[in-house]
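The listed protein sequences correspond, in order, to chains P and U. Each residue of the first sequence is one higher than the one before, starting from 75 at the first, in the working numbering. Each residue of the second sequence is one higher than the one before, starting from 143 at the first, in the working numbering. Built from N, CA and C at the ideal position, the CB exists for glycine as well. Everything below concerns the one structure shown next.
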Amino acid sequence: MSEIDPGAVALQAADEISSPDDSREVGRRRLRKEDARLVTGQTNWTDNIQFPGMVHMAVLRSPMAHARITRVDVSAALERPGVVAAYSGRDLADEQGALPCAWPVTADMKHPNHPPLAVDEVRYVGDGVAVVVARDRYAAADALEAIEVDYEQLPAVVDMEQALKDEVLVHSDLGTNRCFTWPFAGGDYDVAKSKADVVVKRRFLQQRLIPTAMEPRSVVVAPIAAADEYTVYSATQIPHILRLMLAMVTGTPEHKIRVIAPDVGGGFGSKLNVYAEEVLALVVAKRLGRPVKWTETRSEGYQATIHGRDQIQDIEIAATSDGTLLGLKVDLMADMGAYLQLVTPGVPLLGAFMFNAIYKMEALSFTCHGVFTTKTPTDAYRGAGRPEATFAIERIMDELAAELGMDPMELRRKNWIRHEEFPYTTVAGLTYDSGNYEAATAKAMELFDYDGLRREQDKRRADKDPVQLGIGISTFTEMCGLAPSRVLGSLSYGAGGWEAAAIRMLPTGKVEVVTGTAPHGQGHVTAWSQIAADALGVPFEDVEVIHSDTRAAPQGMDTYGSRSLVVGGVAVHLACGKVIDKAKRVAAHLLEAAENDVEFAGGSFSVKGSPEAKLSIQEVALATFASHNFPEGMEPTLNSDYVMDPENFSFPHGTHLCAVEVDTETGFVKIRKYVAVDDVGRVINPIIVEGQVHGGLAQGIAQALFEEALYDADGNLTTGTLVDYYVPTAADLPRFTTDRTETPATSNPLGVKGVGEAGTIASTPAVVNAVVDALRPRGVVDVPMPCSPEHVWRALQQGGAK
Amino acid sequence: MARIRTTVDGVRYDDDVEPRLLLVHYLRERLGRTGTPVGCDTSNCGACTVHLDGKAVKSCTVLAVQADGAEVTTIQGLATDGEWHPVQKAFHERHALQCGYCTPGMIMAAVDLLNENPTPSEDEVREGLEGNLCRCTGYQNIVDAVLQAAGQLKSGEAVRS
Numbered sequence: 075m076s077e078i079d080p081g082a083v084a085l086q087a088a089d090e091i092s093s094p095d096d097s098r099e100v101g102r103r104r105l106r107k108e109d110a111r112l113v114t115g116q117t118n119w120t121d122n123i124q125f126p127g128m129v130h131m132a133v134l135r136s137p138m139a140h141a142r143i144t145r146v147d148v149s150a151a152l153e154r155p156g157v158v159a160a161y162s163g164r165d166l167a168d169e170q171g172a173l174p175c176a177w178p179v180t181a182d183m184k185h186p187n188h189p190p191l192a193v194d195e196v197r198y199v200g201d202g203v204a205v206v207v208a209r210d211r212y213a214a215a216d217a218l219e220a221i222e223v224d225y226e227q228l229p230a231v232v233d234m235e236q237a238l239k240d241e242v243l244v245h246s247d248l249g250t251n252r253c254f255t256w257p258f259a260g261g262d263y264d265v266a267k268s269k270a271d272v273v274v275k276r277r278f279l280q281q282r283l284i285p286t287a288m289e290p291r292s293v294v295v296a297p298i299a300a301a302d303e304y305t306v307y308s309a310t311q312i313p314h315i316l317r318l319m320l321a322m323v324t325g326t327p328e329h330k331i332r333v334i335a336p337d338v339g340g341g342f343g344s345k346l347n348v349y350a351e352e353v354l355a356l357v358v359a360k361r362l363g364r365p366v367k368w369t370e371t372r373s374e375g376y377q378a379t380i381h382g383r384d385q386i387q388d389i390e391i392a393a394t395s396d397g398t399l400l401g402l403k404v405d406l407m408a409d410m411g412a413y414l415q416l417v418t419p420g421v422p423l424l425g426a427f428m429f430n431a432i433y434k435m436e437a438l439s440f441t442c443h444g445v446f447t448t449k450t451p452t453d454a455y456r457g458a459g460r461p462e463a464t465f466a467i468e469r470i471m472d473e474l475a476a477e478l479g480m481d482p483m484e485l486r487r488k489n490w491i492r493h494e495e496f497p498y499t500t501v502a503g504l505t506y507d508s509g510n511y512e513a514a515t516a517k518a519m520e521l522f523d524y525d526g527l528r529r530e531q532d533k534r535r536a537d538k539d540p541v542q543l544g545i546g547i548s549t550f551t552e553m554c555g556l557a558p559s560r561v562l563g564s565l566s567y568g569a570g571g572w573e574a575a576a577i578r579m580l581p582t583g584k585v586e587v588v589t590g591t592a593p594h595g596q597g598h599v600t601a602w603s604q605i606a607a608d609a610l611g612v613p614f615e616d617v618e619v620i621h622s623d624t625r626a627a628p629q630g631m632d633t634y635g636s637r638s639l640v641v642g643g644v645a646v647h648l649a650c651g652k653v654i655d656k657a658k659r660v661a662a663h664l665l666e667a668a669e670n671d672v673e674f675a676g677g678s679f680s681v682k683g684s685p686e687a688k689l690s691i692q693e694v695a696l697a698t699f700a701s702h703n704f705p706e707g708m709e710p711t712l713n714s715d716y717v718m719d720p721e722n723f724s725f726p727h728g729t730h731l732c733a734v735e736v737d738t739e740t741g742f743v744k745i746r747k748y749v750a751v752d753d754v755g756r757v758i759n760p761i762i763v764e765g766q767v768h769g770g771l772a773q774g775i776a777q778a779l780f781e782e783a784l785y786d787a788d789g790n791l792t793t794g795t796l797v798d799y800y801v802p803t804a805a806d807l808p809r810f811t812t813d814r815t816e817t818p819a820t821s822n823p824l825g826v827k828g829v830g831e832a833g834t835i836a837s838t839p840a841v842v843n844a845v846v847d848a849l850r851p852r853g854v855v856d857v858p859m860p861c862s863p864e865h866v867w868r869a870l871q872q873g874g875a876k
Numbered sequence: 143m144a145r146i147r148t149t150v151d152g153v154r155y156d157d158d159v160e161p162r163l164l165l166v167h168y169l170r171e172r173l174g175r176t177g178t179p180v181g182c183d184t185s186n187c188g189a190c191t192v193h194l195d196g197k198a199v200k201s202c203t204v205l206a207v208q209a210d211g212a213e214v215t216t217i218q219g220l221a222t223d224g225e226w227h228p229v230q231k232a233f234h235e236r237h238a239l240q241c242g243y244c245t246p247g248m249i250m251a252a253v254d255l256l257n258e259n260p261t262p263s264e265d266e267v268r269e270g271l272e273g274n275l276c277r278c279t280g281y282q283n284i285v286d287a288v289l290q291a292a293g294q295l296k297s298g299e300a301v302r303s
């Protein structure tokens, strides 16, 4: 067969870019070290853990969106077989503390009290009211039925615009449902707009999404009562932050808490939190002096684990008649849900700096209103703020192109930052260190056959084909690698953005890399092994990576925001550099040479000019262990650590192109072709990068076409199970064509940018732009997400009526 | 309580169980076969897929008593003499897993699919795995792994698109 095989071409090309030198680990398509356990079932999920005498906790949840609790009686539950204890919120009121929000975005932000178990009032369906502890999970679940609760129902408010009228207050003590208003500006939008020939205004809705990591949340707390010590096993992305927060919330001394995140089955932001059940399990384990386990059921998790997105975006773009952008005005409403979780109010702020995306303009005006409603709290979901921003700008670029009668790619090309203009400080004040939008776009256009598909589109339009073809573009960037601590401080975030690494050189020359990141699918064990193998000149197989245990890896800021490689992986690289510095001094001593004359290459130290005088890093490690013959005054260790605080965010970018077939009779959308060319800087392991892109695409496409969390007017989650909330299957998704360009980041020594969220951020607008493009001749200018057959059909009826 | 006799991954067990006990909880909590995880409560996700007398079932949808007299194979019993099943190998070689939580069920479903149809097309693989959800991979590498295990793809070969 002579047909072109873009997939194979892509694999080959990427390898050539990444691995010019075969001896280097970085850039190699290494199969993952993590897999052996995972494909054989030798796993350690939190719910697998059993301890002698362990009891199971179950949580009774509010069936009402908003109600006053007038009575809770757990006495009948205590009579049920196997039940050990039962507590109401009032019973635990003195110990349970309040769940933390680490991001008070404004000085006057309304920050409601958030008890792990509601005491006086419930504010969303799923709010915890009482707990039962029993000898097995079935007995605990049974006993929930015996708890009597009297509620006095209060009105629900589920719609943000309704909530902002303050007719129904979610928190009556706050006096308003407005959590905060956060304004931000670069340049003067009104001045920019006054010069405009064209102004396009749109309202886009970011529907509510449910992250749905495949592993439900689970926590086990094992106490040593006599010593007041607690080991907390949790399916969390943030073991280090969780330890600190559990100490602060419960008053337990921090050094008496050890948090372990065992195998964690995905997170996507949903496990980047401090949850009521983690606090409750600790409080109950303290009370009972025995191990306590809680594992959510999926349907329970749909109410009690954070949701994502849920914004109303009013966006206005101003341009001249030749398509030169002048300014952008963004007014957001962001649904907080009923309470603030760990970073709830900060999520839309992470998008604030990204609305201008890759484009040059004079002015950006941004305002975000955080709003309380009687719904499950929202928080970070893959991309967190940046998918919303990217969606809005990439959608309105298409709308502007249509208004101007320009090709949408031409409009983008006219306005994006040219590769020779980097580093470039944007209207939002960020300095993009590097990028090459021209290169990524050229590659994507070629793989996609843009011109050929446009011709087919013209033909289908001319033929009045009931199945129309649409082409969608997303030329995106994002800010990731969270984050420079000083920037987080300027945004009022409660912690820094550094990451820690430590290298332990064992006497046999094997290496333990201790990382502060907390992988849950990202392949850090493999990738960090590659980084360390190169930096230390040891075999890939000789490296082990230790993580996600506050006692074994004591310092860390954990995994989210596409930060792990850019901050944590770079920390590993820099810590290895310190090992080599020490080892060089030892080698010089042993080789009886001046340190300046010793060179390190390929895992060996040699003396300039006499290559036969040589010591391997393993020999130096053993000599250090013995330390019989050691440099005067030097500590006998090669072990080194590094805490890396990034100087800037990183800015991955890329060009995604999507072709869809839309059946105008049924509203059904089929993705015909999807091409993603991503520039994530230097690549450590192409296999892992491709996998991250694939998964990211799936989640972004899921928002575009399939997923939507819905509430009825009374505040009931009507998509409360996996039957009702549609997570796409293998049959729903297309084969993706992925490729890369590599423009190294200049802000870190590895040149890496991060890849965890890129696919999700880029793909949603590419797909929706394609759907709208297919239907634009029929008068359709938007299809609300998800672009389900119903939404497409309704848009056609409305568009056609114009 | 009901008395059941099962063979799980080649080992015989006799147990008294509550009639309502789900097979997956019997495997995990009574037998300690924790390789098979639970991902939902509505039989949608397929993470708990095992083989019951050689056929794939979602073990959250089967009662332990229904496994009486039956042979159960879980992900932990799929390798023979320490040699991974071709589907396990292909999942590793094709990077068909990230967090790995769906993997046991996905592999067991894929093995069943190939037993039924040893030479599936890409579309047949996608439709055959519709009952198993993965949130990490976007499925592409899973599909390729199954095609590779079926001999439809060579190791490292890309699918023609």
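(message) Short of 7 Å in beta carbon distance, which residues of its chain neighbour E864 (chain P), apart from the five on each side in sequence? Order them along the chain.
(response) Mapped onto the first sequence, residue 864 (chain P) falls at position 790. Here the set comprises G741.
(request) Using the DSSP secondary-structure output, state which residues sit across from P297 (chain P) in a beta bridge. (result) Indexing the first sequence from 1 puts residue 297 (chain P) at position 223. According to DSSP, P297 (chain P) bridges with P:Y304.
(request) State the CB to CB distance for the pair A212 (chain U) and T148 (chain U), rounded to an integer number of angstroms; the pair is presumed to be in contact (CB under 8 Å). (result) In the second sequence, the residue the question calls residue 212 (chain U) occupies position 70. In the second sequence, the residue the question calls residue 148 (chain U) occupies position 6. About 6 Å separates the two Cβ atoms, so the contact holds.
(request) Give the interface partners of I217 (chain U) over in chain P, defined as CB-CB distance under 8 Å, in chain order. (result) As a first step, residue 217 (chain U) must be located in the second sequence, where it is residue number 75. Here the neighbours are V113, T114, G115.
(message) On the CB-based measure, 16 or more other CB atoms within 10 Å of its CB, does A408 (chain P) come out buried or exposed?
(response) Indexing the first sequence from 1 puts residue 408 (chain P) at position 334. Label assigned to A408 (chain P): buried.
(request) For the beta strand (DSSP E) containing T551 (chain P), list its first residue and its last residue. (result) The count along the first sequence starts at 1 and reaches residue 551 (chain P) at position 477. 541-551 is the extent of the beta strand (DSSP E) around T551 (chain P).
(request) Leaving aside the five residues before and after V588 (chain P) along the sequence, list all residues of the same chain whose C-beta is less than 6 Å from its C-beta, in chain order. (result) If you number the first sequence from 1, residue 588 (chain P) lands on position 514. So the list reads A576, I620, A627, once near-sequence residues are dropped.
(request) Would you mind sorting A437 (chain P) into buried or exposed? The rule is 16 or more other CB atoms within 10 Å of its CB. (result) Sequence index remark: in the first sequence, residue 437 (chain P) carries index 363 (1-based). Buried, since its Cβ has 16 or more Cβ neighbours within 10 Å.
(message) Going by DSSP in three states, Q281 (chain P) sits in which element: helix, strand or coil?
(response) Taking the first sequence and counting its residues from 1, the one referred to as residue 281 (chain P) is at position 207. Reduced to three states, the DSSP call for Q281 (chain P) is strand.
(request) Enumerate in chain order the residues of its own chain whose CB-to-CB distance from I315 (chain P) is below 6 Å, with the five nearest sequence positions on each side excluded. (result) Against the first sequence, residue 315 (chain P) aligns to sequence position 241. These residues qualify, in order along the chain: D632.
(message) Considering only DSSP beta bridges, list what C442 (chain P) is partnered with.
(response) On the first sequence, residue 442 (chain P) is found 368 positions in, with the first residue counted as 1. For C442 (chain P), which the question treats as bridged, DSSP gives the partners P:W256, P:L406.
(message) Cutting at 7 Å between CB atoms, please list the residues of its own chain near E90 (chain P), excluding the five before and the five after it.
(response) For the purposes of this step, residue 90 (chain P) is taken as residue 16 along the first sequence, with counting starting at 1. Summary for E90 (chain P): the model assigns pLDDT 38, below 50, so the residue's position carries little reliability; its value from the coordinates is reported in the next sentence. Within the same chain, E90 (chain P) has no close Cβ partners at all.
(request) Answer yes or no: do T120 (chain P) and P336 (chain P) have a C-beta to C-beta separation smaller than 8 Å? (result) By one-based count along the first sequence, residue 120 (chain P) stands at place 46. By one-based count along the first sequence, residue 336 (chain P) stands at place 262. Yes; because the gap between Cβ atoms is below 8 Å, this pair is in contact.
(message) Please identify, using Cβ separations under 9 Å, the residues of the stretch 753-770 of chain P that lie next to chain U, in order along the chain.
(response) I761, I762, E764, G765, Q766, V767, H768, G769, G770
(request) Tell me, to the nearest whole angstrom, how far the beta carbon of S638 (chain P) is from that of H598 (chain P); I am working on the premise that it is less than 8 Å. (result) On the first sequence, position 564 is the one that residue 638 (chain P) refers to. On the first sequence, position 524 is the one that residue 598 (chain P) refers to. Right, the Cβ-Cβ distance comes to about 6 Å (below 8 Å), so this counts as a contact.
(message) Check this for me: beta carbons of L354 (chain P) and M131 (chain P), under 8 Å apart or not?
(response) Here the question's residue 354 (chain P) lines up with position 280 in the first sequence. Here the question's residue 131 (chain P) lines up with position 57 in the first sequence. Yes.
(message) If contact is defined by three or more beta carbon pairs under 8 Å, each pair taking one atom from either stretch, is the stretch 207-225 of chain P in contact with the stretch 426-441 of chain P?
(response) no
(request) For S373 (chain P), go through chain U and note every residue whose CB falls closer than 9 Å to its CB, in chain order. (result) Here residue 373 (chain P) refers to the residue found at position 299 of the first sequence. Neighbours of S373 (chain P) on chain U, chain order: C182, D183, T184.
(message) Quick check: G382 (chain P) and L424 (chain P), are their CB atoms within less than 8 Å of each other?
(response) Taking the first residue of the first sequence as 1, we reach residue 382 (chain P) at position 308. Taking the first residue of the first sequence as 1, we reach residue 424 (chain P) at position 350. Not closer than 8 Å, so no.
(message) Between P:P257, P:R317, P:E370, which has its C-alpha nearest A287 (chain P)'s C-alpha?
(response) Translated into the one-based positions of the first sequence, residue 287 (chain P) becomes position 213. With distances taken between Cα atoms, A287 (chain P) lies closest to P:E370.
(message) Closer than 7 Å between beta carbons: that is the criterion. Which residues of the stretch 463-490 of chain P meet it against chain U?
(response) none
(request) Return the bridge partner residues of T215 (chain U) from the DSSP annotation. (result) As a position in the second sequence, residue 215 (chain U) is number 73, starting the count at 1. Beta-bridge pairing links T215 (chain U) to U:H193.
(request) Could you give the DSSP three-state label for D608 (chain P): helix, strand or coil? (result) Position 534 of the first sequence, counted from the first residue, corresponds to residue 608 (chain P). Of the three classes helix, strand and coil, the one that applies to D608 (chain P) here is helix, per DSSP.
(message) Counting C-beta neighbours from all protein chains within 10 Å, is the total for G181 (chain U) 16 or more, i.e. buried, or is it exposed?
(response) Taking the second sequence and counting its residues from 1, one reaches residue 181 (chain U) at position 39. Burial call: buried.
(request) Compare the C-beta of L165 (chain U) against all C-beta atoms of chain P and say whether one is closer than 8 Å. (result) On the second sequence, position 23 is the one that residue 165 (chain U) refers to. Answer no: the Cβ-Cβ gap between L165 (chain U) and chain P never drops below 8 Å.
(request) Output the residue ranges of the alpha helix (DSSP H) runs that lie fully inside the stretch 627-663 of chain P and measure 4 residues or longer, sorted by chain position. (result) none
(request) Would you please verify whether the beta carbon of Y168 (chain U) is less than 8 Å from any beta carbon of chain P? (result) Start at 1 with the first residue of the second sequence, and residue 168 (chain U) comes out as number 26. By this cut-off, Y168 (chain U) is not an interface position.
(request) Could you check what DSSP says for A536 (chain P) in three-state terms: helix, strand or coil? (result) Here the question's residue 536 (chain P) lines up with position 462 in the first sequence. Helix at A536 (chain P).
(message) For chain A, check one thing: does any of its Cβ atoms lie closer than 8 Å to the Cβ of G196 (chain U)?
(response) Absent here is chain A; the protein component of the structure consists of chains P and U.
(message) For a cutoff of 8 Å on Cβ pairs, would you count L205 (chain U) as touching chain P?
(response) Taking the second sequence and counting its residues from 1, the one referred to as residue 205 (chain U) is at position 63. Judged by the 8 Å Cβ criterion, L205 (chain U) is not in contact with chain P.
(request) Compute the beta-carbon to beta-carbon distance between R528 (chain P) and I547 (chain P), rounded to the nearest angstrom, for a pair I have assumed lies under 8 Å. (result) Within the first sequence, residue 528 (chain P) is the residue found at index 454, counting from 1. Within the first sequence, residue 547 (chain P) is the residue found at index 473, counting from 1. Contact flag wrong, Cβ pair sits at about 12 Å.
(request) Pick helix, strand or coil for K876 (chain P), following the three-state DSSP scheme. (result) Translated into the one-based positions of the first sequence, residue 876 (chain P) becomes position 802. With a pLDDT of 45 at K876 (chain P), under the threshold of 50, the modelled position of this residue cannot be trusted; read the value that follows with caution. If DSSP states are grouped into helix, strand and coil, K876 (chain P) belongs with coil.
(message) Let's test the definition: count the other Cβ atoms within 10 Å of the Cβ of S92 (chain P) and tell me whether it reaches 16, buried, or not, exposed.
(response) Position 18 of the first sequence, counted from the start, is the residue given in the question as residue 92 (chain P). Summary for S92 (chain P): the model assigns pLDDT 44, below 50, so the residue's position carries little reliability; its value from the coordinates is reported in the next sentence. So S92 (chain P) counts as buried.
(request) Alpha carbon to alpha carbon, how far is G833 (chain P) from M480 (chain P)? Give it in angstroms, no decimals. (result) Sequence index remark: in the first sequence, residue 480 (chain P) carries index 406 (1-based). Sequence index remark: in the first sequence, residue 833 (chain P) carries index 759 (1-based). Looking at the two C-alpha atoms, the distance is approximately 27 Å.
(message) For the alpha helix (DSSP H) containing L689 (chain P), name the first residue and the last one.
(response) Counting from 1 along the first sequence, the entry for residue 689 (chain P) is found at position 615. Note, L689 (chain P): premise wrong, no alpha helix (DSSP H); beta strand (DSSP E) at 684-690.
(message) Just list the residues that DSSP pairs G401 (chain P) with in beta bridges.
(response) Translated into the one-based positions of the first sequence, residue 401 (chain P) becomes position 327. Bridge partners of G401 (chain P): P:A392, P:A437.
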